[in-house]
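Novice:
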């Protein structure tokens, strides 16, 4: 059985299964889900809690021993197992299957760790546990989903937010849900019955958004230039190596170029998707991005990438932030290539007109 994180509270109001598997990459969402299950288990009389972590000191025999030995002072146990790499291995998989085969009705098993890939969800240990219990995959909200997430958390903190406050919080705390929840808790301390506007948020908080380098790619694929700029600035402010930024943009540019060439040659894209590691969920966004590009825009992007590389390796004196900003603008709005060329110092090639 599989449910979404947003369904967990409602599910636990009606039932408690023998097994729960909670996997996700966001620490805030993971801890919230675990605490929700722990509270439900306690309501059902599971007063004793044992916790194991799959590390160098852990032996799988400990799990089976926990399943066989009941405390003299309690009749129900919550047994927690953290898989830091989400990979129990062959021995671990067998131990988990053995545990549920002899699991008492007075035991609840809670297994958790980072996000599971699709292939990991096909493993025997996973299918065995999911048939006996509940799998709860946790997904960090994307930028477009953040406003709704913020409204839900604001309601939890009994805070009413105006649209400008929600938008500011979305910008400042994207990728950092723990800090976002702390900001909402601070907003609740303002003590006003009036809806909170953006100025109050600015006075009590600061920009704590977190991004990894793939946020640049995702913003460009979504055609969100403002989000791309915000991500770029935060990466540079927080000390991300410019070489990683260049690598990400270069990889995206190469993938776009490869798809365009394959289309012109009427070559099937299936092998290219695999070669470029473009997942099915991303393919439509890539195709839409490729469709927008002109030869002039692709040439301008290539020149900007070369200049970013020179700025990194040869200290050319050009601003990496400015060059990367121009790259993103041309990729999301290729029709601006001709107007931007003089400002961005883009060289025109013979026989190439920067116009559609």
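In the numbering used here, the protein residues as written are 788 to 1143. Think of the CB as a built atom: it goes at the ideal place given N, C-alpha and C, for glycine as much as any other residue. All values reported here derive from a predicted model rather than from experimental measurement.
(1) Keeping to the same chain, check which residues put their C-beta closer than 8 Å to that of residue 858; ignore five residues upstream and five downstream.
(2) Taking residue 749 as the reference, which of 1122, 795, 900, 965 has the closest Cα?
(3) Please state if the CB of residue 922 and the CB of residue 789 are separated by a distance shorter than 8 Å.
(4) Measuring only the C-alpha atoms, how far is residue 1108 from residue 1115?
(5) So what does residue 895 bridge to, in DSSP terms?
(6) With DSSP as the reference, label residue 926 as helix, strand or coil.
(7) Output the boundary residues of the beta strand (DSSP E) element that contains residue 998.
(8) So residue 810 is in the beta strand (DSSP E); what residue range does that whole segment cover?
(9) Give, in chain order, every unbroken run of the beta strand (DSSP E) that is at least 3 residues long and sits entirely within the stretch 903 to 964.
(10) Thinking C-beta only, is residue 983 closer than 8 Å to residue 1035?
(11) Quick one: residues in its chain with C-beta nearer than 7 Å to the C-beta of residue 951, no 5 flanking neighbours on either side, listed in chain order?
(12) Could you compute how far the alpha carbon of residue 908 sits from the alpha carbon of residue 965?
(13) Just to confirm my understanding: we take residue 840, look at its own chain, exclude 5 residues before and 5 after, and list those with CB closer than 6 Å. What are they?
(14) How about residue 925 and residue 809: do their beta carbons lie closer than 8 Å?
(15) Between the alpha carbons of residue 1064 and residue 1070, how many angstroms are there, rounded?
(16) Residue 1040: buried (16+ other C-beta within 10 angstroms of its C-beta) or exposed?
(17) Look up residue 1169 in the DSSP assignment and say whether it is helix, strand or coil.
(18) If you run the structure through DSSP and keep just helix, strand and coil, what is residue 840?
(19) Taking one C-beta from the stretch 998 to 1016 and one from the stretch 938 to 948 each time, how about it: are there three or more such pairs within less than 8 Å?
(20) Excluding the 5 residues flanking residue 815 on each side, which residues of the same chain have their C-beta closer than 6 Å to its C-beta?
Specialist: Reading from the atomic positions:
(1) Residue 858 sits at position 71 when you count from the first residue of the chain shown. With a pLDDT of only 49 at residue 858, under the threshold of 50, the placement of this residue in the model should not be trusted; the figure read from the coordinates follows. Around residue 858: 835, 864.
(2) The question about residue 749 has no answer, for the chain in this structure spans 788 to 1143.
(3) Sequence index remark: in the chain shown, residue 789 carries index 2 (1-based). Sequence index remark: in the chain shown, residue 922 carries index 135 (1-based). Yes. Within cutoff.
(4) Here the question's residue 1108 lines up with position 321 in the chain shown. Here the question's residue 1115 lines up with position 328 in the chain shown. Approximately 11 Å between the Cα atoms of the pair.
(5) Working through the chain shown from its first residue, we reach residue 895 at position 108. According to DSSP, residue 895 bridges with 865.
(6) Within the chain shown, numbered from 1, the residue matching residue 926 stands at position 139. If DSSP states are grouped into helix, strand and coil, residue 926 belongs with coil.
(7) The sequence position of residue 998 within the chain shown is 211, counting from 1. Looking at the DSSP string, residue 998 is not in any beta strand (DSSP E), and its letter there is neither H nor E.
(8) Residue mapping note: residue 810 aligns to position 23 of the chain shown, counting from 1. It spans 806 to 811 - the beta strand (DSSP E) in which residue 810 sits, taken as one unbroken run.
(9) Those beta strand (DSSP E) runs which fall completely within the stretch 903 to 964 and span 3+ residues are 921 to 925.
(10) To locate residue 1035, count along the chain shown from 1; it is residue 248. To locate residue 983, count along the chain shown from 1; it is residue 196. No, the Cβ-Cβ distance between residue 1035 and residue 983 is not below 8 Å.
(11) Reading the chain shown from its first residue, position 164 is the one you call residue 951. Counting only Cβ-Cβ distances below 7 Å, and skipping sequence neighbours, we find 984, 985.
(12) By one-based count along the chain shown, residue 908 stands at place 121. By one-based count along the chain shown, residue 965 stands at place 178. When rounded, the distance between both Cα atoms is 27 Å.
(13) Along the chain shown, read from residue 1 onward, the residue named residue 840 stands at position 53. Only 869 meet the Cβ criterion.
(14) Against the chain shown, residue 925 aligns to sequence position 138. Against the chain shown, residue 809 aligns to sequence position 22. Using a Cβ distance threshold of 8 Å, residue 925 and residue 809 count as a contacting pair.
(15) Counted from its first residue, the chain shown places residue 1064 at position 277. Counted from its first residue, the chain shown places residue 1070 at position 283. For residue 1064 and residue 1070, the distance between alpha carbons rounds to 10 Å.
(16) Within the chain shown, numbered from 1, the residue matching residue 1040 stands at position 253. Classification of residue 1040: buried, given that the 10 Å Cβ count is 16 or more.
(17) There is simply no residue 1169 to check, as the chain begins at 788 and stops at 1143 in what is shown.
(18) Residue 840 sits at position 53 when you count from the first residue of the chain shown. Correct three-state label for residue 840: strand.
(19) Touching, no.
(20) Residue 815 sits at position 28 when you count from the first residue of the chain shown. Only 964, 965 meet the Cβ criterion.
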